[in-house]
Amino acid sequence: MRLTAYSLVLLIAAGCAQEGTPPGGPPDTFAPRIVEFSPPHRAVSVPVSVTPVLTFNERIDTRSLEEALLVVPLVSFKLESNWDGNEITLRFAEPLQKAQTYVVTLGTAIRDMRGNRMTAATIYAFSTGPVIDKGEISGSAAVGPQPVSGAYIWAYDVNQKPSPDPARIPPDYIVQTGTDGTFAFSNLSAGVYRIFAFQDRGRDLRYDIGVDPIGVPPQDIILSDSIVTGGPVRLEMTVRDTTGLRIQSIRTIHTRQVNVRINTPIPEEELHTPNGFRIRAADGPDTLGVTTVYRDPTDSSTITLLTAPQQRSRQYMLLLPPLKDRSGRRLTEQNASGGFTGTSLNDDAPPVLKWTDPPDGTKQTATDAGLRLAFSEALRVDPDAIRLFAADSLIATTLSWSSPAVAVIKPDTLLPDTDYRIEIVAAGVRDAARLSLDTGKMETDTLRVTFRTINPSVYGVVLGTTTDRDADAQGPVILTFTDAKKQSRRIRLETPGPYRAETLLPGKYVLHTYRDANANGIQDTGSVSPFVPAERSVVRSDTVVVRSGWETEGIDIEIVP
Numbered sequence: 001m002r003l004t005a006y007s008l009v010l011l012i013a014a015g016c017a018q019e020g021t022p023p024g025g026p027p028d029t030f031a032p033r034i035v036e037f038s039p040p041h042r043a044v045s046v047p048v049s050v051t052p053v054l055t056f057n058e059r060i061d062t063r064s065l066e067e068a069l070l071v072v073p074l075v076s077f078k079l080e081s082n083w084d085g086n087e088i089t090l091r092f093a094e095p096l097q098k099a100q101t102y103v104v105t106l107g108t109a110i111r112d113m114r115g116n117r118m119t120a121a122t123i124y125a126f127s128t129g130p131v132i133d134k135g136e137i138s139g140s141a142a143v144g145p146q147p148v149s150g151a152y153i154w155a156y157d158v159n160q161k162p163s164p165d166p167a168r169i170p171p172d173y174i175v176q177t178g179t180d181g182t183f184a185f186s187n188l189s190a191g192v193y194r195i196f197a198f199q200d201r202g203r204d205l206r207y208d209i210g211v212d213p214i215g216v217p218p219q220d221i222i223l224s225d226s227i228v229t230g231g232p233v234r235l236e237m238t239v240r241d242t243t244g245l246r247i248q249s250i251r252t253i254h255t256r257q258v259n260v261r262i263n264t265p266i267p268e269e270e271l272h273t274p275n276g277f278r279i280r281a282a283d284g285p286d287t288l289g290v291t292t293v294y295r296d297p298t299d300s301s302t303i304t305l306l307t308a309p310q311q312r313s314r315q316y317m318l319l320l321p322p323l324k325d326r327s328g329r330r331l332t333e334q335n336a337s338g339g340f341t342g343t344s345l346n347d348d349a350p351p352v353l354k355w356t357d358p359p360d361g362t363k364q365t366a367t368d369a370g371l372r373l374a375f376s377e378a379l380r381v382d383p384d385a386i387r388l389f390a391a392d393s394l395i396a397t398t399l400s401w402s403s404p405a406v407a408v409i410k411p412d413t414l415l416p417d418t419d420y421r422i423e424i425v426a427a428g429v430r431d432a433a434r435l436s437l438d439t440g441k442m443e444t445d446t447l448r449v450t451f452r453t454i455n456p457s458v459y460g461v462v463l464g465t466t467t468d469r470d471a472d473a474q475g476p477v478i479l480t481f482t483d484a485k486k487q488s489r490r491i492r493l494e495t496p497g498p499y500r501a502e503t504l505l506p507g508k509y510v511l512h513t514y515r516d517a518n519a520n521g522i523q524d525t526g527s528v529s530p531f532v533p534a535e536r537s538v539v540r541s542d543t544v545v546v547r548s549g550w551e552t553e554g555i556d557i558e559i560v561p
């Protein structure tokens, strides 16, 4: 449906009797549907004075049509209902244009009298000329791997609108996704189309930046007299934060610690050196040394700075380096500074164990799993203060730190189907103030974390092949298997080809695949304006069933242009 104005004028007149509850029988749970169009769908040489009639299989809540029935090119009309409430007549305010294709879209918000919605948008097209436009584009909209019902799909002909922006410019065509997240445009004219998807949270038929999740296409689609179909296009929607990175708060914890909160998580690798973090006195040239920088293990948006002793009530200015988040956005100079007041309070809070990986009591730990202990602050650990046991046998390990507050235990080997125990001697684990690890209410000087490794016979294996229709595409292929508990197994292929996913627990998995064009390790969802295409992705329509001891073959994935 081609739109020629941003606001849609929908006038409705409904003369229908109130429908009561049926005296007996099961409740109506069937979705309404169109059973007849007059004139017929794709009719040509339709008179410009036409009054189309849409016949449903049941009585329709005419109020729901107000937000769900669209006609393009835009023309004012009234809706009239028959006495039975199942026939809707469109009466246009003026004669239609000659030799023009008109498209009527009935969206998924249309309901019957018991609130049952249409399961998919329905397209009705006719032409007042001897031919009708035949272009088609199909696709789907999702948030991550989950399909989204009722999302608006806007299409722009970039030949007519070279820089389309859903926040400012009305679309040329519009449809909605069905209950399965799929959509289909039909009766499109020849052109070069850019497709966007968004969830209209404000229910105002417009895209609101920073509020509505929006999906950007991986490329434009060309339709012509010889190419009349395009897609499938997969649109993964996210809420776009256009404000950029910025400091949200700066808080002194004690005289040697300052916490800085950023408005988005910062990768740990951005914080490996404290050299770029500078603190100076607001009233003179004095500086305050920064000795250690790390990410809070319980809040990836908070950065902890360990400093030289602060002076009580003295004002300081903090300047951060140009940090960047996973999407590549950088902290600009104008947003990278802020003030705080020094404190003379000493550190009197002992460190605590915040979380472990695997969690305490886990019964199905992989034999190649990394063992991690996250503490509330940076620590100094005595030799043998953190040890790993199998029963009474000490296991040889190597202890390292992924950050000053997160310890990584690497065993020489973990045996399958075996109980293990990590022991942490509290007196040997201390913070910079020499406070020992807090063991909580337990009357012991040792914390214990237990887990059991899995029997390899429990695992299943998935095999398949990935292909890419775009022979010139670059970048690795990333496959992610996600189970019902949101636990994921990720596989990276340097190029499309065969893959083998091992050590998968039994269950059903959603398989999400994308081509990492810039090889940055994350799926880039593109930019609306300036336009940057999203990286191409695909989600397998059926879940992958993994069985213990079985190899599930033929799980093939094709990435389309």
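Sequential numbering of the sequence shown, starting at 1, is according to our numbering.
By construction, the Cβ of each residue, glycine as well, lies at the ideal position given by its N, Cα and C atoms.
- Determine whether the Cβ of Glu-94 lies closer than 9 Å to any Cβ atom of chain D. Note that chain D does not occur in the displayed structure, where there is just one protein chain.
- Give a yes or no on whether the C-beta atoms belonging to Ala-31 and Arg-91 are separated by under 9 Å. no
- Task: May I ask which residues mark the beginning and end of the beta strand (DSSP E) holding Pro-498?
- Result: 498-504
- Between Val-532 and Tyr-102, what straight-line distance do the alpha-carbon atoms span, to the nearest angstrom? 32 Å
- Cβ atoms of Ile-454 and Thr-365: under 9 Å apart, would you say? yes
- Taking the C-alpha atoms as reference points, what is the distance between Gly-339 and Gly-289? 15 Å
- Item | Beta-bridge pairing of Gly-139 - partner residues as DSSP gives them | In the DSSP output, where bridge partners are listed per residue, Gly-139 has Phe-183 and Val-233.
- Going straight from the alpha carbon of Thr-450 to that of Gly-361, what length do you get? 5 Å
- Query: Over what stretch of residues does the beta strand (DSSP E) that includes Asn-259 continue unbroken?
  - Reply: That run of the beta strand (DSSP E) goes 257-262.
- Please confirm whether Phe-481 and Val-461 have their CB atoms less than 9 Å apart. no
- Query: Hey, would you say Pro-274 sits closer than 9 Å to Ser-403, going by beta carbons?
  - Reply: no
- Message: Less than 9 Å between the beta carbons of Asn-187 and Asp-225, yes or no?
- Response: no
- Quick one: grab the DSSP three-state call for Glu-87. strand
- Query: Roughly how many angstroms separate the alpha carbons of Thr-21 and Val-53, rounded to a whole number?
  - Reply: Residue placement at Thr-21 is poorly supported in this model, since its pLDDT is 42, which falls under 50; the coordinates are not used for a value here.
- Item | Beta-carbon proximity list for Thr-291, same chain, < 6 Å, skipping 5 on both sides | The beta carbon of Thr-291 lies closer than 6 Å to those of Leu-306 in the same chain, with the five residues before and after it left out.
- Between the C-alpha atoms of Asp-157 and Phe-185, what's the straight-line distance to the nearest angstrom? 13 Å
- Message: Could you tell me the alpha carbon to alpha carbon distance between Val-216 and Val-233, rounded to whole angstroms?
- Response: 10 Å
- Cβ of Ser-127 within 9 Å of Cβ of Val-46? yes
- Query: In this structure, what does DSSP give as the bridge partners for His-254?
  - Reply: Gln-257
- Would you mind reading off the limits of the beta strand (DSSP E) that contains Gly-338? 337-341
- Item | Euclidean distance between Cα positions of Ile-253 and Arg-246 | Separation of Ile-253 and Arg-246 (C-alpha to C-alpha, rounded to the nearest whole angstrom) is 21 Å.
- Message: With distance defined between alpha-carbon atoms, name the residue in Arg-312, Leu-323 and Glu-236 nearest to Ile-262.
- Response: Leu-323
- Should Gln-176 be labelled buried (16 or more other beta-carbon atoms within 10 Å of its own) or exposed? It counts as buried.
- Note down the Cα distance separating Asp-562 from Ala-141, rounded to an integer number of angstroms. The structure shown has nothing for residue 562, since the chain only spans 1 to 561.
- Task: With a floor of 3 residues, list each beta strand (DSSP E) that falls wholly inside the region 462-516, ordered by position along the chain.
- Result: 477-482, 488-493, 498-504 and 507-515
- Within its chain, find whatever has a CB closer than 6 Å to the CB of Val-560; leave out the 5 residues flanking it on each side and keep chain order. Hits under 6 Å: Arg-469.
- Using three-state DSSP, classify Thr-21 as helix, strand or coil. Unreliable positioning characterises Thr-21 in this predicted model, as indicated by a pLDDT of 42, which lies under 50. The coordinate reading is nonetheless provided below. Here Thr-21 sits in coil by DSSP.
- Query: Within 10 angstroms of its Cβ, does Arg-256 collect 16 or more other Cβ (buried), or is it exposed?
  - Reply: buried
- Query: Thinking just about the alpha-carbon of each residue, which of Ser-249, Arg-434 and Pro-40 is nearest to the one in Arg-350?
  - Reply: It is worth fixing the name first, because residue 350 is Pro in this sequence and not Arg. The candidate whose alpha carbon is nearest that of Pro-350 is Arg-434.
- Inter-residue Cα distance where the pair is Arg-240 and Ala-336: Between Arg-240 and Ala-336, the C-alpha separation is close to 21 Å.
- Message: Looking at the secondary structure, which residues open and close the beta strand (DSSP E) in which Lys-134 lies?
- Response: First-last for Lys-134: undefined, no H or E at that position.
- Item | Delimiting residues of the beta strand (DSSP E) encompassing Gly-191 | 191-198
- Message: Under DSSP, the beta strand (DSSP E) around Leu-70 begins and ends at which residues?
- Response: 69-72
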